[in-house]
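Q: Got a structure for you, written out below as structure tokens; questions coming shortly.
Numbering (the working numbering), first residue to last: 876 to 963.
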């Protein structure tokens with residue numbers, strides 16, 4: 876919707892009219908790597924089997940299956956996939 880080559884309206888003014896943040900306009904979204912996509916699929920599979928696993932147990936399960944990932948990586952992937960452990 877933003878026309879960068881528009882000489883009549885600046886990008887700042889176009890963003891104001893559309894009620895958009897300019898910082899969101901300049902930031903390009905990163906593509907998910909193939910490795911992360913595989914980990915997300917595996918996390919989803921494990922989560923469906925054990926919905927009560929949190930990031931610590933999911934990390935241990937992934938390590939047990941041969942994937943060397945840390946807890947912070949698993950937490951980030953859980954946020955990206957909107958996965959949250961079921962608590963009592």
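All C-beta atoms in this analysis are idealised placements derived from N, C-alpha and C, irrespective of residue type, glycine included.
None of these values were measured; they are calculated from a predicted model.
Quick one, are the C-beta atoms of residue 933 and residue 918 less than 8 Å apart?
A: The answer is yes: Cβ separation under 8 Å.
Q: Ends of the alpha helix (DSSP H) at residue 899?
A: From DSSP, the alpha helix (DSSP H) with residue 899 extends over 897 to 901.
Q: Looking at residue 891: is its Cβ nearer than 8 Å to the Cβ of residue 877?
A: No; because the gap between Cβ atoms is not below 8 Å, this pair is not in contact.
Q: How would you write the range of the alpha helix (DSSP H) that residue 881 sits in, first residue to last?
A: No alpha helix (DSSP H) holds residue 881; DSSP gives it neither H nor E.
Q: Would you mind working out which of 910, 953, 911 sits nearest residue 931, comparing C-alpha positions?
A: Closest by alpha carbon: 953.
Q: Give me the residue from 961, 886, 900, 910 with the minimum Cα distance to residue 924.
A: Here the closest residue by C-alpha is 961.
Q: Measuring only the C-alpha atoms, how far is residue 885 from residue 897?
A: Approximately 11 Å, taken between the alpha carbons.
Q: Are there 16 or more other CB atoms within 10 angstroms of the CB of residue 928, so buried, or fewer, so exposed?
A: Its Cβ being crowded by 16 or more others within 10 Å, residue 928 is buried.
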